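Colleague: Numbering of the sequence shown is given in our numbering, commencing with residue 18 and proceeding in unit increments.
In this text, a Cβ means the ideal position worked out from N, Cα and C, and glycines have one as well.
In this text the structure is predicted, and so the values were computed from the model without any measurement.
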Amino acid sequence: MDLREGEKILKIYHHHPTPFIFDLLKIILGSFPFFLLLYLFGPTMSQKVYIWAHLIVVFVFILILIYQALVYWLDRLVVTNNRIILIDWKYLTKRDEFEAELSDIQDITTKEKGILATFWFLDYGTFSVQTASYMSIIEFTEAPDPEGIRQFIYRIKPN
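1. Please report how far the alpha carbon of Lys-65 lies from the alpha carbon of Asp-19, in whole angstroms.
2. If we call anything under 8 Å between Cβ atoms a contact, is Arg-93 one with Ala-117?
3. Going straight from the alpha carbon of Gly-47 to that of Gly-23, what length do you get?
4. Taking the alpha carbon of Leu-72 as the point to measure from, which residue in Tyr-30, Phe-51, Phe-138 and Leu-87 has its own alpha carbon closest?
5. Which same chain residues end up closer than 7 Å to Thr-126 when comparing Cβ atoms and leaving out the 5 residues on each side of it in sequence?
6. Between which two residues does the alpha helix (DSSP H) containing Lys-28 stretch?
7. Mind checking whether Phe-157 and Lys-28 have CB atoms under 8 Å apart?
8. Helix or strand or just coil, what does DSSP make of Thr-110?
9. Would the beta-carbon of Val-74 fall within 8 Å of that of Leu-55?
10. Whole angstroms are fine: how far does the CA of Lys-25 sit from the CA of Asn-176?
11. What are the start and end residues of each continuous alpha helix (DSSP H) run of 4 or more residues lying completely inside the region 59-138, in chain order?
12. With Ala-149 and Asp-121 assumed to form a contact (beta carbons below 8 Å), what rounded beta-carbon distance in angstroms separates them?
13. So if DSSP puts Ile-185 in a beta bridge, which residue, or which two residues, is it bridged to?
Below you can see the structure in the form of structure tokens.
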């Protein structure tokens, strides 16, 4: 992402932490069958092999957690005084960038969890920007307070 001349970053939004915590819990729960297998096959292994097997499983799942955290937290929505830029990391080696000029924005829509969005830890949803061409759509999922982002952009949008 390169800023243009005279362009300033006004705000950067990252994903809400609650869905990330749910993803971490899924990964941790996914590690339990491996530990169960180690427990079941433990009597057939020497103590040294048993400890090394546990360390390997822990190490692999820690690497998976770190990878998931990096991909999750590198995604961001950048709002400048001229445009909106979505940086979406697919993997650590591949990212997509989408941008929309503030003057081209035709519609901003948000989707939240309804009445549950009144609680901070559940106040996340989808933030979508549609431009004049209707071919350029920016969709930022798991956005913190999507309605707040929409109001912020409407306040800075040039007339």
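Modeller: Let me lay it out:
1. The residue labelled residue 65 in the question sits at position 48 within the sequence shown. The residue labelled residue 19 in the question sits at position 2 within the sequence shown. Those two C-alpha atoms are separated by around 53 Å.
2. By one-based count along the sequence shown, residue 93 stands at place 76. By one-based count along the sequence shown, residue 117 stands at place 100. With contacts defined by Cβ atoms closer than 8 Å, Arg-93 and Ala-117 do not form a contacting pair.
3. Counted from its first residue, the sequence shown places residue 47 at position 30. Counted from its first residue, the sequence shown places residue 23 at position 6. Taking the straight line joining both Cα atoms gives about 48 Å.
4. Within the sequence shown, residue 72 is the residue found at index 55, counting from 1. That would be Phe-51, whose Cα lies nearest to the Cα of Leu-72.
5. The residue labelled residue 126 in the question sits at position 109 within the sequence shown. Result list for Thr-126: Ser-145, in chain order.
6. Here residue 28 refers to the residue found at position 11 when the sequence shown is read from its first residue. Looking at the DSSP string, Lys-28 is not in any alpha helix (DSSP H); the run it does join, the beta strand (DSSP E), is 26-30.
7. Taking the sequence shown and counting its residues from 1, the one referred to as residue 157 is at position 140. Taking the sequence shown and counting its residues from 1, the one referred to as residue 28 is at position 11. No; because the gap between Cβ atoms is not below 8 Å, this pair is not in contact.
8. Looking up residue 110 in the sequence shown gives position 93. Look at Thr-110 here: in three-state DSSP terms it is coil, with no helix or strand label.
9. For the purposes of this step, residue 74 is taken as the residue at position 57 of the sequence shown. For the purposes of this step, residue 55 is taken as the residue at position 38 of the sequence shown. Yes, Cβ-Cβ distance for Val-74 and Leu-55 is below 8 Å.
10. For the purposes of this step, residue 176 is taken as the residue at position 159 of the sequence shown. For the purposes of this step, residue 25 is taken as the residue at position 8 of the sequence shown. Residue placement at Asn-176 is flagged as unreliable, the pLDDT there being 46, under the threshold of 50; the coordinate-derived value follows with that caveat. So the two alpha carbons sit approximately 18 Å from each other.
11. The DSSP assignment places complete alpha helix (DSSP H) segments of no fewer than 4 residues inside the region 59-138 at 64-91, in order along the chain.
12. Counting from 1 along the sequence shown, the entry for residue 149 is found at position 132. Counting from 1 along the sequence shown, the entry for residue 121 is found at position 104. Indeed, because the Cβ distance is near 5 Å, the residues count as touching under 8 Å.
13. No answer is possible for residue 185: it lies beyond the span of the chain, which begins at 18 and ends at 176.
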